[in-house]
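Visitor: Shown below is the structure under consideration.
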Amino acid sequence: MNLSKAATAIAAMAVATTPGIVSARRLNGTESAECSLQPIPINDEDFGEPAWEAILELAFPTWAAPADGCPRLDALGGELVPEFSEFTEPEDDKFNPCYYTKAFAGLDPILGGYPTPIDTHYPYEFAAPFLKQPGDGSTHHCTQDAVDIGACPKLGNTCGGDCATITDDYGIGHIPPFVPLAAIKKAYNSCSHDVCNDWFDFDLNGCNIIKSKLDKLVYEYFGEGDTVKFQPPILIDGEPSSTYFKLEYGGESPACDDGNCRGPHYCSKEVADAGVIWGDFCPYVHTGENSGQYRHPHLALAALELWMANQCMPDQCAAQWLDSPNGKDYGVDNMKATSITWAEMDDNTDSMAQPAVPYVWPNSGSGLYPGHSMLYGDMGSKKAPGLYVTEFVDVKEPAPILGSGPAPPPTADADVETPLTPSSAFAMSGSLVAAIVLVVSIIAV
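Just so you know, the working numbering puts the end of the sequence shown at 498, numbered straight through with nothing missing.
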């Protein structure tokens, strides 16, 4: 197989960082290992993996959790268990200890969500722009009239499941955050890298690892020709996979025994059987002892990066994410938030709700969940700082997506929709210069 120029370059850079070569350089007195940084906290009860709960708490401190544990249902779509029904009060500048849905991601933490991959500057997200289309701000690039968001393509995922291509246009395509998370964990623990000097440059990349360095690490551990291949973040035959991440809590029994769950999303059988409802609209684990304990791997990556950056650059990179450059002005303006337009839920006042069947999109805005009115107001697009791909999204006016059953009430944003023209679509970013071609990059620091 002939490697693309990008794949060849990444492969060459990765070889230069292999432990054997680094050791040889040390013997020659030309390089020293950065072993003086703190060891990553370990959870001895989780196969010696990092203590992700503790690492996340450092960067994203939570408000007080219920004394008896997070609220939970007795079954998917069931009733609240009386012994686990206490919801604690939110606190300013803290995050939700009992997390059930990413519906509020990108919004004020007091609503119960966390930063999105766009907010944390995750470089392999390749998100769709915010043009009021289905899947806005997600990794799925949908046309305005798309129904099944999960069926819309992701950038660079043409080599099959658990695989991303490397191209000259984009470099490494979309990969889930648990892949680079595993790579930097392994590389840091190898003690064969000068982390502070080689991984970080505040003037170029703030408190995030330099993209070119992250590319090298990802390819070193997961590169194969002109692709990046990886395992899912689960236990395989009782042992951690190469990307294992405990806090996914995907597919737990008995909640998922009917094949109804979609990764870490716990869809009811009715929702799963509907066939066109994006699994991400379903809540995370909300039954059993792990209820509310799901955490995003992109947050673990952001927390681990910040923990390292804080050791290297304590004056510039605060220990808590909200106090870091990435957290500046986070969640203060819904019209600039990176939150995804949600679907109608069977109970818009319940954070553990399931998507409505028949499927309806966008959300009516009649309760907690964000619809067009909350996220766009009367705009056809919005200026949400981040990294986007505009190559696949058209700009015609979206229409509400209704199921085959009785029509729902009019959506809350019905009175504020405005025609979307190319000029308004391209106004979403002050620096959008590649009209429906490559990537928009306006990362705020």
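Just so you know, even glycine gets a beta-carbon here, dropped at the ideal spot from N, CA and C. As the structure is a computational prediction, the values presented were derived from the model and not from experiment.
#1: Does the Cβ-Cβ distance between K322 and M388 come in under 7 Å?
#2: Go through its chain and collect everything with a Cβ distance to A199's Cβ below 6 Å, but skip five positions before and after it.
#3: Along the chain, where does the alpha helix (DSSP H) that runs through A235 open and close?
#4: With a threshold of 16 other CB atoms inside 10 Å of the CB of S306, please say whether the residue is buried or exposed.
#5: Three-state secondary structure (DSSP) at H174?
#6: Starting from the C-beta of Q364, find all residues in its chain whose C-beta is less than 7 Å away, skip the five residues before and the five after it, and write them out in chain order.
#7: Would DSSP call G259 helix, strand or coil?
#8: Give the DSSP-derived three-state secondary structure of T71 in the structure shown.
#9: Short of 7 Å in beta carbon distance, which residues of its chain neighbour K282, apart from the five on each side in sequence? Order them along the chain.
#10: Can you have a look at L288 and say buried or exposed, based on whether 16 or more other CB atoms are within 10 angstroms of its CB?
#11: Measuring alpha carbon to alpha carbon, tell me which residue in E106, V134, A325 and P286 is nearest P230.
#12: Since I228 contacts Y177 with CB under 8 Å, what's their CB separation in whole angstroms?
#13: What do you get for D268, buried or exposed, if any count of 16 or more other CB atoms within 10 angstroms of its CB means buried?
#14: Any idea if K239 is buried or exposed, counting beta-carbon neighbours within 10 angstroms, 16 or more meaning buried?
#15: By the 10 Å Cβ neighbour count, where 16 or more other Cβ atoms means buried, how is D382 classified, buried or exposed?
#16: From the DSSP output, in three-state form, read off Y223 for me.
#17: Looking only at its own chain, which residues have a Cβ that is under 7 Å from the Cβ of S377, when we skip the five neighbours before and after it?
#18: Could you check what DSSP says for Y441 in three-state terms: helix, strand or coil?
Guide: Per the coordinate set shown:
#1: Here residue 322 corresponds to residue number 269 of the sequence shown, with the count starting at 1. Here residue 388 corresponds to residue number 335 of the sequence shown, with the count starting at 1. In this structure, M388 does not lie closer than 7 Å to K322 by Cβ.
#2: Taking the sequence shown and counting its residues from 1, one reaches residue 199 at position 146. Hits under 6 Å: P187 and C205.
#3: For the purposes of this step, residue 235 is taken as residue 182 along the sequence shown, with counting starting at 1. Run containing A235: F231 to S243, per the alpha helix (DSSP H) assignment.
#4: On the sequence shown, residue 306 is found 253 positions in, with the first residue counted as 1. By the Cβ neighbour-count rule, S306 is exposed, with fewer than 16 other Cβ atoms within 10 Å of its own.
#5: On the sequence shown, position 121 is the one that residue 174 refers to. It is coil, neither helix nor strand.
#6: Residue numbering aside, residue 364 sits at position 311 when the sequence shown is read from its first letter. If we look at Q364 and ignore the five residues flanking it on each side, its Cβ neighbours are L90 and Q91.
#7: Along the sequence shown, one-based indexing puts residue 259 at 206. Three-state DSSP puts G259 in coil, outside helix and strand.
#8: Along the sequence shown, one-based indexing puts residue 71 at 18. For T71, the pLDDT reaches just 34, beneath the cut-off of 50, and the residue's location in the model is therefore unreliable, leaving the point undetermined.
#9: Residue numbering aside, residue 282 sits at position 229 when the sequence shown is read from its first letter. These residues qualify, in order along the chain: D215, C216 and F275.
#10: Within the sequence shown, residue 288 is the residue found at index 235, counting from 1. Looking at its Cβ environment, which holds fewer than 16 other Cβ atoms inside 10 Å, L288 is exposed.
#11: On the sequence shown, residue 230 is found 177 positions in, with the first residue counted as 1. Measuring from the Cα of P230, the nearest candidate turns out to be P286.
#12: By 1-based counting over the sequence shown, the position of residue 228 is 175. By 1-based counting over the sequence shown, the position of residue 177 is 124. That pair is a contact at about 5 Å.
#13: As a position in the sequence shown, residue 268 is number 215, starting the count at 1. Answer is buried; the Cβ neighbour count reaches 16.
#14: Within the sequence shown, numbered from 1, the residue matching residue 239 stands at position 186. It is exposed - the Cβ of K239 has fewer than 16 other Cβ atoms within 10 Å.
#15: Taking the sequence shown and counting its residues from 1, the one referred to as residue 382 is at position 329. So D382 ends up on the exposed side.
#16: The residue you call residue 223 lines up with position 170 of the sequence shown. Three-state DSSP puts Y223 in coil, outside helix and strand.
#17: As a working note, residue 377 is residue 324 in the sequence shown. The residues are C260, L359, C370 and A371.
#18: For this step, residue 441 is matched to residue 388 along the sequence shown. In this structure, Y441 counts as strand in the three-state DSSP scheme.
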